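Student: Top to bottom, those sequences are chains A and B.
Okay, so the first sequence: first residue is 8 according to our numbering, each after it adds one.
Okay, so the second sequence: first residue is 508 according to our numbering, each after it adds one.
Built from N, CA and C at the ideal position, the CB exists for glycine as well.
These numbers come from a predicted model, not from an experiment.
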Amino acid sequence: MRLIVESGQKNRSCTLLPELSVPEYRMEASLLRGQELHLPEVSETEISRHYTALAGRVHGVNNGFYPLGSCTMKYNPKINDEIAAMEGFSNIHPLQPEYTAEGCLEVLKEAEEILTEITGMDAMTFQPAAGAHGEFTGLLLMHAYHTARKDSGRTKILVPDSAHGTNPASAAMVGYTIINIPSTEHGLVDLTALKAALGNDTAGLMLTNPNTLGLFDTNILEITRLVHEAGGLNYYDGANLNAVIGRARPGDMGFDIVHLNLHKTFSTPHGGGGPGSGPVGCKKNLANYLPGNRVARDGENHYLLQQEESVGRVKMFEGNFLIVLRALTYLLTLGKEGMADISGNAVLNANYMMKRLEDTFEVAYPGVCMHEFVLTLEKLKEETGVSALDMAKGIQEYGIHPPTMYFPNIVHEALMLEPTETESKETIDRAVDIMLQLYDKAQNEPERLKEAPINQPVRRLDEVTAARKPILKHSDEEHCETCVE
Amino acid sequence: MAELKFTKTHEWVKYTEDGKAKVGLTEYAQQQLGDLVFINLPEEGDCVTVEDTFCDVESVKAVSDVYSPLTGTIARVNEDLLDAPELINEHPYEAWIAEIEDITETAEFLSEDEYETFIKSEA
Numbered sequence: 008m009r010l011i012v013e014s015g016q017k018n019r020s021c022t023l024l025p026e027l028s029v030p031e032y033r034m035e036a037s038l039l040r041g042q043e044l045h046l047p048e049v050s051e052t053e054i055s056r057h058y059t060a061l062a063g064r065v066h067g068v069n070n071g072f073y074p075l076g077s078c079t080m081k082y083n084p085k086i087n088d089e090i091a092a093m094e095g096f097s098n099i100h101p102l103q104p105e106y107t108a109e110g111c112l113e114v115l116k117e118a119e120e121i122l123t124e125i126t127g128m129d130a131m132t133f134q135p136a137a138g139a140h141g142e143f144t145g146l147l148l149m150h151a152y153h154t155a156r157k158d159s160g161r162t163k164i165l166v167p168d169s170a171h172g173t174n175p176a177s178a179a180m181v182g183y184t185i186i187n188i189p190s191t192e193h194g195l196v197d198l199t200a201l202k203a204a205l206g207n208d209t210a211g212l213m214l215t216n217p218n219t220l221g222l223f224d225t226n227i228l229e230i231t232r233l234v235h236e237a238g239g240l241n242y243y244d245g246a247n248l249n250a251v252i253g254r255a256r257p258g259d260m261g262f263d264i265v266h267l268n269l270h271k272t273f274s275t276p277h278g279g280g281g282p283g284s285g286p287v288g289c290k291k292n293l294a295n296y297l298p299g300n301r302v303a304r305d306g307e308n309h310y311l312l313q314q315e316e317s318v319g320r321v322k323m324f325e326g327n328f329l330i331v332l333r334a335l336t337y338l339l340t341l342g343k344e345g346m347a348d349i350s351g352n353a354v355l356n357a358n359y360m361m362k363r364l365e366d367t368f369e370v371a372y373p374g375v376c377m378h379e380f381v382l383t384l385e386k387l388k389e390e391t392g393v394s395a396l397d398m399a400k401g402i403q404e405y406g407i408h409p410p411t412m413y414f415p416n417i418v419h420e421a422l423m424l425e426p427t428e429t430e431s432k433e434t435i436d437r438a439v440d441i442m443l444q445l446y447d448k449a450q451n452e453p454e455r456l457k458e459a460p461i462n463q464p465v466r467r468l469d470e471v472t473a474a475r476k477p478i479l480k481h482s483d484e485e486h487c488e489t490c491v492e
Numbered sequence: 508m509a510e511l512k513f514t515k516t517h518e519w520v521k522y523t524e525d526g527k528a529k530v531g532l533t534e535y536a537q538q539q540l541g542d543l544v545f546i547n548l549p550e551e552g553d554c555v556t557v558e559d560t561f562c563d564v565e566s567v568k569a570v571s572d573v574y575s576p577l578t579g580t581i582a583r584v585n586e587d588l589l590d591a592p593e594l595i596n597e598h599p600y601e602a603w604i605a606e607i608e609d610i611t612e613t614a615e616f617l618s619e620d621e622y623e624t625f626i627k628s629e630a
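1. Within the chosen definition, does the segment 283 to 300 of chain A reach the segment 95 to 104 of chain A through at least 3 CB pairs nearer than 8 Å?
2. Run through the DSSP bridge pairs and tell me what lysine 529 of chain B is partnered with.
3. Alanine 569 of chain B touches chain A at which residues, Cβ-Cβ below 9 Å?
4. Using the Cα positions of histidine 486 of chain A and glycine 345 of chain A, report the straight-line distance between them to the nearest angstrom.
5. Looking only at C-alpha atoms, which of A:Leu267, A:Leu102, A:Gln313 sits nearest to glutamate 124 of chain A?
6. Could you please give me the residues that DSSP links to tyrosine 243 of chain A through a beta bridge?
7. Helix, strand or coil for methionine 131 of chain A, going by three-state DSSP, please let me know.
8. Of all Cβ atoms in chain A, is any one closer than 8 Å to the Cβ of phenylalanine 545 of chain B?
9. Between the beta-carbon of valine 196 of chain A and the beta-carbon of isoleucine 230 of chain A, is there less than 8 Å?
10. When you compare each of A:Phe133, A:Ala108, A:Thr107 to glutamate 119 of chain A by their alpha carbons, which one comes out closest?
11. Using DSSP's beta-bridge definition, name the partner residues of asparagine 462 of chain A.
12. Run through the segment 563 to 616 of chain B for me and flag every whole beta strand (DSSP E) of 3 or more residues, listed as ranges in chain order.
13. For threonine 179 of chain A, which residues of its own chain have a beta-carbon under 7 Å away from its beta-carbon, when the five flanking residues on both sides are left out?
14. What alpha helix (DSSP H) runs, 4 residues minimum, are completely inside the segment 187 to 214 of chain A?
15. Of all the residues that make up the segment 456 to 469 of chain A, which are near chain B by a beta-carbon distance shorter than 7 Å?
16. So, does the segment 315 to 322 of chain A touch the segment 215 to 229 of chain A, judging by three or more C-beta pairs under 8 Å?
17. Are the beta-carbon atoms belonging to valine 530 of chain B and tryptophan 603 of chain B less than 8 Å from one another?
18. In angstroms with no decimal places, state the Cα-to-Cα distance between glycine 422 of chain A and alanine 357 of chain A.
19. Verify the CB distance criterion: does valine 471 of chain A have a CB-CB separation below 8 Å to chain B?
20. Taking the Cβ atom as the reference point for each residue, do tyrosine 243 of chain A and asparagine 216 of chain A lie within a distance shorter than 8 Å?
21. Any contact of the segment 536 to 550 of chain B with the segment 464 to 479 of chain A, i.e. 3+ C-beta pairs under 8 Å?
22. Would methionine 398 of chain A and phenylalanine 380 of chain A qualify as a contact pair, given that the criterion is a beta-carbon distance under 8 Å?
23. Counting only Cβ pairs nearer than 9 Å, list the residues of chain A close to aspartate 542 of chain B.
24. Counting pairs of beta carbons, one from the segment 274 to 285 of chain A and one from the segment 253 to 264 of chain A, are three or more of them closer than 8 Å?
25. Put glycine 288 of chain A into one of helix, strand or coil per three-state DSSP.
26. Taking only beta-carbon positions, decide if glutamate 485 of chain A is within less than 8 Å of chain B.
27. Please report how far the alpha carbon of alanine 91 of chain A lies from the alpha carbon of glycine 280 of chain A, in whole angstroms.
28. Excluding five sequence neighbours on each side, which residues of the same chain lie with their C-beta closer than 7 Å to the C-beta of methionine 131 of chain A?
29. Note down the Cα distance separating glutamate 621 of chain B from threonine 516 of chain B, rounded to an integer number of angstroms.
30. To the nearest angstrom, report how far apart alanine 60 of chain A and isoleucine 407 of chain A are at their CA atoms.
31. Which residues in the same chain have their Cβ closer than 7 Å to the Cβ of glycine 392 of chain A, if we skip the five residues on either side of it in sequence?
32. Would you check if there are 3 or more beta carbon pairs closer than 8 Å linking the segment 369 to 389 of chain A to the segment 410 to 421 of chain A?
33. With which residues is proline 167 of chain A paired in a DSSP beta bridge?
34. Opposite asparagine 308 of chain A in the DSSP bridges: which residues?
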């Protein structure tokens with residue numbers, strides 16, 4: 008497929024501009040670019056066809072099943088977009104006077120109230136634009152808390168080995184040293200190792216519960232108590248909230264700080280540019296450190312409140328506001344009564360899928376799972392040479408997005424599946440039937456799976472060369488070699 | 508290969524005549540890691556400690572720590588690896604990562620045979 012800059016003709020455009028009716032202003036030469044800017048010069052027909060063709064080459068949750076573990080690729084209800092398109096929300100400017108944006112401030116306040124109730128927190132910021140951005144922000148709060156107490160020797164963050172890779176990365180970005188806590192053979196936090204790692208240098212613990220193996224840590228109250236006793240704070244990575252929403256609250260589990268992924272649990276667009284939203288909630292004693300402005304309520308009116316002790320802005324204005332609005336729409340559509348149905352059906356679907364697969368595939372941690380589960384294809388690979396990657400590519404041929412592969416790192420040849428609550432039994436049954444067929448194929452025609460996918464817009468991409476010798480910009484001279492037809 | 512010593516964390520050590528030692532990743536390690544696309548080398552003069560991370564390698568799948576089999580100071584690093592981390596995949600026992608001097612402590616070393624047995628028991 009051609010890139011848009013390779014389409015069209017010189018001087019072609021979509022608009023006929025009227026003749027200039029004001030004096031032309033010419034900038035001085037020193038301020039101008041020496042080289043002409045290479046912009047696409049295309050007609051509206053070409054633009055329309057270009058993006059339609061691109062859309063045909065991607066797979067989203069509107070195309071088919073998307074059981075990408077750890078990502079909660081649930082369906083995004085159309086009512087979210089309908090509300091976000093309302094003029095009062097879409098035609099506002101972040102710098103217009105506060106009193107003229109009363110409705111928007113109320114949206115933020117209401118979303119904060121509902122989401123803090125769901126998480127058991129006291130305050131929330133909507134500034135962070137993604138989950139990892141939320142982690143970074145949450146750790147800044149942790150840092151501010153210890154600094155304010157003049158407890159500056161706390162330099163270590165504890166992270167279980169089943170954690171999302173972003174956890175240690177975010178902690179490193181804030182300047183912390185990361186201590187890895189191993190898992191037990193049952194996939195839960197090793198309490199002995201945790202106790203050994205805790206000390207007066209512990210700033211805090213980052214934990215996902217249920218964890219990336221899809222297991223709820225039954226020792227959670229003891230874990231958070233131990234961290235508090237050592238003087239640290241507990242950070243809840245909300246990536247897996249879909250498993251417990253409406254039934255268990257991080258605040259009640261002993262967590263002090265939480266981030267949510269509105270683009271996972273709260274049905275806003277995930278991937279493809281989103282944009283994302285990773286609000287951070289915290290307990291009262293940390294609220295003064297939250298970034299940006301807080302929305303305060305005075306009777307029926309709302310206003311923005313600047314906080315003196317804030318860690319500072321982490322994004323412009325009030326974050327990705329229209330995404331928060333979509334999440335609020337989702338919350339109000341389901342209502343308080345509907346919250347527990349999200350997690351109930353998410354967990355039911357995952358267990359149903361796992362049960363149907365477990366006689367054939369090896370489940371990494373057998374038992375009852377939460378909203379997702381992990382298979383290990385280590386034995387299959389030894390017997391047939393078919394790896395988790397080959398299986399994932401085989402699944403693609405049936406119009407299903409592959410599961411997460413090779414994650415979590417502690418499971419070899421991992422495939423991680425999260426069906427979400429928005430899939431029907433028929434969809435899950437079809438996916439299971441396909442996976443069982445592919446398992447047979449791995450035994451009988453392994454070479455066929457090594458070739459997969461054969462019916463997709465691209466076959467296997469050369470990830471190694473892409474990483475070793477990345478081409479990071481389009482160049483006119485090179486485009487003939489680099490464009491993939 | 509007889510002059511190589513191995514660790515349980517899959518590094519090899521080769522002493523040179525002047526009391527220094529070169530350190531690299533084993534054949535088994537490179538197989539497990541898969542195609543390497545990036546390496547983060549230590550810096551000359553860095554002090555390293557036995558069993559502490561002193562380098563990391565990145566494959567398409569994941570980033571992995573490399574543990575130091577020795578306590579000492581980094582005398583030299585193999586800068587060729589920066590542009591061509593695949594050398595570790597191609598010739599793991601020639602693609603040394605760093606040379607360490609002023610060695611004061613070593614990890615528990617395995618001989619080649621012991622290492623082979625260890626890998627089998629791991630699998």
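Tutor: Based on what the coordinates show:
1. no
2. Translated into the one-based positions of the second sequence, residue 529 of chain B becomes position 22. Answer is B:Lys521, B:Glu606.
3. One-based indexing of the second sequence puts residue 569 of chain B at position 62. What alanine 569 of chain B touches in chain A: Gly172, Tyr413, Phe414, Asn416.
4. Taking the first residue of the first sequence as position 1, residue 486 of chain A is located at position 479. Taking the first residue of the first sequence as position 1, residue 345 of chain A is located at position 338. Because the pLDDT at histidine 486 of chain A is just 45, under 50, the model does not fix this residue reliably, and the point stays unresolved.
5. Numbered from its first residue, the first sequence carries residue 124 of chain A at position 117. Comparing Cα positions, the closest option is A:Leu267.
6. One-based indexing of the first sequence puts residue 243 of chain A at position 236. A:Leu214, A:Val265, per the DSSP bridge assignment.
7. By one-based count along the first sequence, residue 131 of chain A stands at place 124. Reduced to three states, the DSSP call for methionine 131 of chain A is strand.
8. Here the question's residue 545 of chain B lines up with position 38 in the second sequence. Answer yes: the Cβ-Cβ gap between phenylalanine 545 of chain B and chain A drops below 8 Å somewhere.
9. Working through the first sequence from its first residue, we reach residue 196 of chain A at position 189. Working through the first sequence from its first residue, we reach residue 230 of chain A at position 223. Cβ atoms of valine 196 of chain A and isoleucine 230 of chain A: closer than 8 Å.
10. Translated into positions along the first sequence, residue 119 of chain A becomes position 112. Residue A:Phe133 is the option with its Cα nearest to glutamate 119 of chain A.
11. For the purposes of this step, residue 462 of chain A is taken as the residue at position 455 of the first sequence. BP columns for asparagine 462 of chain A are empty, so no partner.
12. At a cut-off of 3 residues, the continuous stretches assigned as beta strand (DSSP E) that sit fully inside the segment 563 to 616 of chain B are 570 to 574, 577 to 584, 605 to 613.
13. For this step, residue 179 of chain A is matched to residue 172 along the first sequence. In the sequence as presented, threonine is not what sits at residue 179 of chain A; that position holds alanine. So the list reads Ile185, once near-sequence residues are dropped.
14. Runs of the alpha helix (DSSP H) inside the segment 187 to 214 of chain A: 198 to 204.
15. none
16. No, the segment 315 to 322 of chain A does not touch the segment 215 to 229 of chain A.
17. Translated into the one-based positions of the second sequence, residue 530 of chain B becomes position 23. Translated into the one-based positions of the second sequence, residue 603 of chain B becomes position 96. It is a contact, given that the beta carbons lie within the stated cut-off.
18. Position 415 of the first sequence, counted from the start, is the residue given in the question as residue 422 of chain A. Position 350 of the first sequence, counted from the start, is the residue given in the question as residue 357 of chain A. For the sequence presented, residue 422 of chain A should be read as leucine rather than glycine. Between the C-alpha atoms of leucine 422 of chain A and alanine 357 of chain A there is a straight-line separation of about 13 Å.
19. To locate residue 471 of chain A, count along the first sequence from 1; it is residue 464. It does; some Cβ of chain B falls within 8 Å.
20. The residue labelled residue 243 of chain A in the question sits at position 236 within the first sequence. The residue labelled residue 216 of chain A in the question sits at position 209 within the first sequence. Judged by their CB atoms, tyrosine 243 of chain A and asparagine 216 of chain A are nearer to each other than the 8 Å cut-off.
21. yes
22. Along the first sequence, one-based indexing puts residue 398 of chain A at 391. Along the first sequence, one-based indexing puts residue 380 of chain A at 373. Not in contact: methionine 398 of chain A and phenylalanine 380 of chain A (Cβ atoms no closer than 8 Å).
23. On the second sequence, position 35 is the one that residue 542 of chain B refers to. Result: Glu470, Val471, Ala474, Arg475.
24. no
25. Taking the first sequence and counting its residues from 1, one reaches residue 288 of chain A at position 281. The answer is strand: DSSP assigns glycine 288 of chain A an E or B state.
26. Position 478 of the first sequence, counting from 1, holds the residue named residue 485 of chain A. Low confidence applies here, because glutamate 485 of chain A scores a pLDDT of 49, under 50, leaving its location unreliable and the question unanswered by this model.
27. As a working mapping, residue 91 of chain A is identified with position 84 in the first sequence. As a working mapping, residue 280 of chain A is identified with position 273 in the first sequence. Approximately 17 Å, taken between the alpha carbons.
28. In the first sequence, residue 131 of chain A corresponds to position 124, counting from 1. Take methionine 131 of chain A, set aside five residues on each side of it, and the residues of its chain with a beta-carbon closer than 7 Å to its own are Glu119, Leu122, Thr123, Pro286, Val287, Gly288, in chain order.
29. If you number the second sequence from 1, residue 621 of chain B lands on position 114. If you number the second sequence from 1, residue 516 of chain B lands on position 9. Straight-line Cα distance between these residues: approximately 13 Å.
30. Start at 1 with the first residue of the first sequence, and residue 60 of chain A comes out as number 53. Start at 1 with the first residue of the first sequence, and residue 407 of chain A comes out as number 400. Straight across, the Cα-Cα distance linking alanine 60 of chain A with isoleucine 407 of chain A is about 19 Å.
31. For this step, residue 392 of chain A is matched to residue 385 along the first sequence. Excluding residues within five positions, the ones whose Cβ falls inside 7 Å are Pro453.
32. The answer is yes - the segment 410 to 421 of chain A touches the segment 369 to 389 of chain A, with three or more Cβ pairs under 8 Å.
33. Here residue 167 of chain A refers to the residue found at position 160 when the first sequence is read from its first residue. According to DSSP, which records beta bridges pairwise, proline 167 of chain A is partnered with A:Ile188.
34. Looking up residue 308 of chain A in the first sequence gives position 301. Bridge partners of asparagine 308 of chain A: A:Asp305.
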